[in-house]
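Structure first, commentary second.
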Amino acid sequence: MNIGSALDVSALAAMAAALGWASGLRLYAVVFITGLVGTLGWVPLPAGLQVLQNPWVLGASGLMLMVEFVADKIPFVDSLWDTVHTVIRIPAGAALAAGAFGGLGGDSASWALIAALAGGTLAATSHTAKITSRAAVNTSPEPFSNIAMSLAGDAAVPVMLWLAYEHPAWFWPLLVVMVLIALTTIVVLFKVLRALLRRLFKPSPAAA
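If you count by the working numbering, then the sequence shown holds residues 1213 to 1420, one letter each, in order.
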C-alpha cells in the first residue's frame, strides 16, 4: 500500500482519522510511533508528517511517552495529566490529521482543513471519553481497574494506527464502533459524575 501516494486519498483519510482519534488518548505515543515507523521505512509518511522523523522530535516524544505511561497509571495524577492536556491533545490531533494531507498537491489546503476539523473532533471525543471514564474509575479505592484501563489505552493506540496504515477497510468500522462507545461513555458517566458531585456537595440536614 503506497500510503504516501497523492492518489490514495482513502489511505490518507484513514491515517488522518487514526492520528486524530489516537491523539486524544496518547498524543506522545502517536507522535513517537508515527515518526519511528517513518524513520524505519515501514510506512512512507506524507510530506506534512515527515517532521516527526526528526531525531529531536523522536527523542522528545519518546521521553514524554515514558512520562505519560507512568503518570497514566497513578490514580488522580492521571486525571490531572488529562486535564492539563485538554488544551494540547485536541489541537495536536487536528494538526496531525491535517499533516496527513500535506504535500498532497492540487486542492491540498481544502483537504487539510477538512482533515483538521475531523481530526480535532475525533481527538476531542476520545479525550473526553478518556477523562470522564478515568475520573469515574478514580472514585474506586483500588488501583487495579485504573491500571487495566490505562494498559487498554496503551494497546489501543498502536492497534488503531496499524489498522489505519495497513488495513484501512478494517479500520473504519472499528473507528465507528469506538466513537459510538465513546459518546455513550461520555453521556452515561457525565450523568453519574454529576449525581455524585451533587451528593458530595449537598448540605447536610444539620448544616441547613
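Built from N, CA and C at the ideal position, the CB exists for glycine as well.
- Rounded to whole angstroms, V1400 and P1380 show a C-alpha spacing of 30 Å.
- It is roughly 33 Å from the alpha-carbon of A1360 to the alpha-carbon of V1263.
- For A1394, same chain residues with a beta-carbon under 7 Å away, outside a window of 5 residues either side, are T1337, S1338 and A1341 in chain order.
- Restricting attention to S1291, P1256, A1324 and W1293, the CA atom closest to the CA of G1305 is found in A1324.
- Going by beta carbons, G1331 and A1309 fall inside the 8 Å limit.
- Three or more beta-carbon pairs separated by less than 8 Å link the segment 1240-1251 to the segment 1260-1278, which places the two stretches in contact.
- Around the beta carbon of S1362, a 10 Å sphere encloses 16 or more other beta carbons of the protein chains shown; the residue is thus reported as buried.
- As summarised for the segment 1257-1309, there are no continuous beta strand (DSSP E) elements at least 3 residues long confined to that stretch.
- Between the segment 1268-1277 and the segment 1362-1374, the count of C-beta pairs closer than 8 Å stays below three; the two stretches do not touch.
- Under the three-state reduction of DSSP output, P1385 falls in the helix class.
- In the displayed model, E1354 falls within coil according to three-state DSSP, outside both helix and strand.
- In the DSSP assignment, A1229 falls within the unbroken alpha helix (DSSP H) covering V1221 to T1251.
- DSSP places G1365 in the helix class (H, G or I) of the three-state scheme.
- Residue environment for L1275: exposed (fewer than 16 other C-beta atoms within 10 angstroms of its C-beta).
- For G1332, the enclosing alpha helix (DSSP H) has its first and last residue at S1320 to V1349.
- A Cβ-Cβ contact shorter than 8 Å links W1233 with L1387.
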